[in-house]
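Encoded as structure tokens, the structure appears first; notes follow it.
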Amino acid sequence: MKFFIDDLPVLFPYPRIYPEQYAYMCDLKKTLDAGGHCVLEMPSGTGKTVSLLSLIVAYQQHYPEHRKLIYCSRTMSEIEKALAELKALMEHRAKELGHEEEFRALGLTSRKNLCLHPSVKREKSGTVVDARCRSLTAGFVKEKKERGEDVELCVYHENLYLLEPHNLVPPGVFTLDGLARYGEEHKQCPYFSARRMMPWCNIIIYSYHYLLDPKIAERVSKELSKDCIVVFDEAHNIDNVCIESLSIDLSEDSLRKATRGANNLERKIEEMKSTDEEKLKNEYSKLVEGLQEAEKAREEDQFISNPVLPDDLLKEAVPGNIRRAEHFISFLKRFIEYLKTRMKVTHAISETPPSFLTHLKDLTYIERKPLRFCAERLSSLVRTLELVNIEDYQPLQEVATFATLVATYDKGFVLILEPFESEAATVPNPILHFTCLDAAIAIKPVFDRFSSVIITSGTLSPLEMYPKMLGFTAVLQESYSMTLARRSFLPMIVTRGSDQAQVSSSFGIRNDPGVVRNYGSLVTEFARITPDGVVVFFPSYLYMESIISMWQGMGILDQIWNYKLILVETPDAQESSLALETYRTACCNGRGAILFCVARGKVSEGIDFDHHYGRAVLCIGVPFQYTESRILKARLEFLRENYRIRENDFLSFDAIRHAAQCLGRVLRGKDDYGVMVLADRRFERKRPQLPKWINQAMLDSETNLSTDMAVSNAKNFLRTMAQPFKQKDQEGISTWGLADIERHEAKRKTEEARMTREEVNNGHPMDGAIPSASRIVVDEYDDDIDEDLMMLDA
1 MKFFIDDLPV LFPYPRIYPE QYAYMCDLKK TLDAGGHCVL EMPSGTGKTV SLLSLIVAYQ
61 QHYPEHRKLI YCSRTMSEIE KALAELKALM EHRAKELGHE EEFRALGLTS RKNLCLHPSV
121 KREKSGTVVD ARCRSLTAGF VKEKKERGED VELCVYHENL YLLEPHNLVP PGVFTLDGLA
181 RYGEEHKQCP YFSARRMMPW CNIIIYSYHY LLDPKIAERV SKELSKDCIV VFDEAHNIDN
241 VCIESLSIDL SEDSLRKATR GANNLERKIE EMKSTDEEKL KNEYSKLVEG LQEAEKAREE
301 DQFISNPVLP DDLLKEAVPG NIRRAEHFIS FLKRFIEYLK TRMKVTHAIS ETPPSFLTHL
361 KDLTYIERKP LRFCAERLSS LVRTLELVNI EDYQPLQEVA TFATLVATYD KGFVLILEPF
421 ESEAATVPNP ILHFTCLDAA IAIKPVFDRF SSVIITSGTL SPLEMYPKML GFTAVLQESY
481 SMTLARRSFL PMIVTRGSDQ AQVSSSFGIR NDPGVVRNYG SLVTEFARIT PDGVVVFFPS
541 YLYMESIISM WQGMGILDQI WNYKLILVET PDAQESSLAL ETYRTACCNG RGAILFCVAR
601 GKVSEGIDFD HHYGRAVLCI GVPFQYTESR ILKARLEFLR ENYRIRENDF LSFDAIRHAA
661 QCLGRVLRGK DDYGVMVLAD RRFERKRPQL PKWINQAMLD SETNLSTDMA VSNAKNFLRT
721 MAQPFKQKDQ EGISTWGLAD IERHEAKRKT EEARMTREEV NNGHPMDGAI PSASRIVVDE
781 YDDDIDEDLM MLDA
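Everything in the sequence shown is counted per the UniProt record's numbering, starting at 1 for the first residue and increasing by one.
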């Protein structure tokens, strides 16, 4: 299918298009034309990925100055899916154009997923794979081989030197499996092929961390040009990813390992002094010249790096008292000993970085400036000493990274020292949380560097929250409704049981036997009436365990078992994978199954329950965060003081985006259908915060239901959905052909002309700019701090 958006020819790989896909592409083009950033919320299952790729590839080919797309997603399955969509799109373009375009697209993942070396790829741990890879590929290993020493090199890596850097991979779109197969056929390393080909690729698809985590981005993404288009897909949790990338936890055990690492480095330095003192002298000279000079000597495959460092700092020479290797190790050991003494506390302590540095200087005379260089200084030393098993020094690297961060940032971070693992614990297990509170710090370099950054997902409401939290200005914010020829999903809010008693997971009544029994009745009835798969989400593992235990005592689990196989997600990844596999098998063989999961768990984020795998989803309670967490309290205070985001506003926003994410698991296309149940009386007043496509599909009569009313509605809905439905019934309504697009454009132009005439007649002529996209305005939240703040979800 070929159509034009203004002057841009777009080739779409399907014969028909959804109206929301067309609107999404139009808004994407407006954003790229304006050279700004946008926040776009697209309904689940409406082809967001293929729409985005179709428009941006068309834009790249039509406007050659935009040559690269950096597409970031969250999970391996999403990255593979995006690559597969892109491959199909490029095959369609070649067929339509009559020739293959000069186009390269690659995905990047870890060595563990791409390594071909027979002995290395057998290793199960990613850090072990990284270390083994380095021992076979590092520059100093190759130098030893050239000197005639008996060392092994990786033949797959060495073969890359036989090819031109820009021809390691031919034009085309390679999935991760396809890249590995190509590497196997040509005996060349897929991981380093992808890394080295990035400057010559039109599209790069990889994880968020390659762009947001400074420890990785500084290695992988530093050469990307400013005219790149950046997309963060599934970006509803992007603020949490930013915060995690700059947060560090230090325990007593990690400090002991850091001390061992420092002692090992001390021995290595003494050995090098006796064998190759010239290397240490060369390193010292580079450090005197400044970090930018030292940067030139950096190994491309070295993965220990510095966190975010200001540009002015990189131009400075390393302070004199840590230039010599032995002085630097002594400095680090003093700092570690200070941290060990700080761990000996009996009550929780919270302080700012300036307060920490003042106390540090008073006790140890350690100045702020050398601390800022610790991470980079350690990286330089590790390279000079030609260390292979870098994971042995990972705890030491964490201490050095902490030192650099605490000395670099005065605001946006907090140090929280907790003496016990939990409040009920009596055995000391101190942990130092150095927590980033400001998501904007990690993502600021991305917004500053690239002209267009697109934040998109199916659950971003309220959209205004993201520019606030991430500190950027959006040229366009839009949430799209879902056009349907038939009502293919039924969202409902259940506020009470069949006995008319209110149901809620709020702290005051969550374990009340009546509430638990009503929740059990709701789940039992949906297990009875729903064919195939049912997915149930709880606010936390703790509450899920508690309520399942009570159901067992009430005999409710036995009733559910009569209709469905019961499976449970656990914190253990392998157990959950097995449960998911069994669940799918039960859905396929007709037995049917019910899967108990947790909001914010792996199942809620990356697993699709399309068609018979998920005909109903139930959210038992509102998935609030554990509000007694000191880290969360510090972040809420920071958001209030710096971004004027009230505590209750953020907690509600965070809970509703995760609830909406859970609901979206069961609707994966317009030919799919499912029931969505929000079972908590508090959802009724939080309805305006739901994504537009869910909110608009929910009738007022479906927002204050009892259990038996919800079951009756669901039964009628499922009976209706079981009737035959033909593809042609959607044409012109929920799917468009070229004629529909032309009619829509003619109508839009007529409407714009009418508006222009009205503006002129009213004496307010338009300035010729494109009318700004509609913005979603969320009702002001209740001023009272509601009982949500009393939630105790682990």
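Beta carbons: idealized from backbone N, C-alpha and C, even for Gly. As the structure is a computational prediction, the values presented were derived from the model and not from experiment.
Could you pull the start and end residues of the alpha helix (DSSP H) that residue i belongs to?
i      : result
Gly178 : Leu176 to His186
Tyr161 : Premise fails: Tyr161 is in no alpha helix (DSSP H) and is neither H nor E.
Phe192 : Pro190 to Met197
Glu244 : Ile238 to Ser245
Ile529 : Pro513 to Ile529
Between residue i and residue j, what straight-line distance do the alpha-carbon atoms span, to the nearest angstrom?
i           : j      : result
residue 795 : Val617 : The structure shown does not extend to residue 795, since the chain is modelled only from 1 through 794, so no value can be given for it.
Thr530      : Asn716 : 11 Å
Ile594      : Trp693 : 26 Å
Met1        : Leu55  : 13 Å
Leu460      : Glu41  : 6 Å
Glu270      : Gly261 : 14 Å
Phe413      : Phe356 : 11 Å
Glu158      : Ile560 : 59 Å
Leu678      : Glu20  : 25 Å
Leu11       : Glu102 : 16 Å
Arg372      : Tyr613 : 52 Å
Cys436      : Asp233 : 23 Å
Lys268      : Lys68  : 44 Å
Gly320      : Pro462 : 51 Å
Tyr480      : Leu667 : 16 Å
Ser521      : Val503 : 11 Å
Leu360      : Thr404 : 14 Å
Val406      : Asp558 : 54 Å
Val120      : Val128 : 8 Å
Ala474      : Glu152 : 52 Å
Asn167      : Ser193 : 9 Å
Ala660      : Pro691 : 7 Å
Asp740      : Lys30  : 21 Å
Leu32       : Pro171 : 25 Å
Quick check on DSSP: helix, strand or coil for residue i?
i           : result
Met755      : helix
residue 800 : The chain is shown only over 1 to 794; residue 800 falls outside these bounds and no answer can be derived.
Ile548      : helix
Cys619      : strand
Val535      : strand
Ala679      : strand
Ala593      : strand
Ile566      : strand
Leu280      : helix
Leu651      : helix
Leu52       : helix
Glu271      : helix
residue 851 : Because the chain is modelled from 1 through 794, residue 851 falls outside the range shown and cannot be assessed.
Leu265      : helix
In terms of DSSP beta bridges, what is residue i paired with?
i      : result
Gln502 : Arg496
Ser251 : Ile431
Arg104 : Gly172
Tyr22  : In DSSP, Tyr22 forms no bridge with anything.
Gly553 : Gly553 is not bridged to any residue.
Gln477 : Val39
Leu11  : Lys2
Cys72  : Tyr206 and Phe232
Leu490 : Val675
Val598 : Phe538
Glu731 : Thr735
If residue i and residue j are in contact, beta carbons under 8 Å, what's the gap, nearest whole angstrom?
i      : j      : result
Lys670 : Gln730 : 7 Å
Leu381 : Ala325 : 6 Å
Leu53  : Gly107 : At roughly 13 Å, the Cβ-Cβ gap does not stay under 8 Å, so Leu53 and Gly107 are not in contact.
Phe447 : His37  : 7 Å
Leu396 : Ala258 : 4 Å
Phe624 : Pro539 : 7 Å
Asp249 : Leu432 : 7 Å
I need the boundaries of the beta strand (DSSP E) containing residue i, first residue and last residue.
i      : result
His37  : His37 to Glu41
Ser457 : Ser452 to Ser457
Leu417 : Phe413 to Glu418
Is the Cβ of residue i closer than 7 Å to any Cβ of chain D?
i     : result
Gly36 : Checking the listed chains, one finds no chain D in this structure; it contains a single protein chain.
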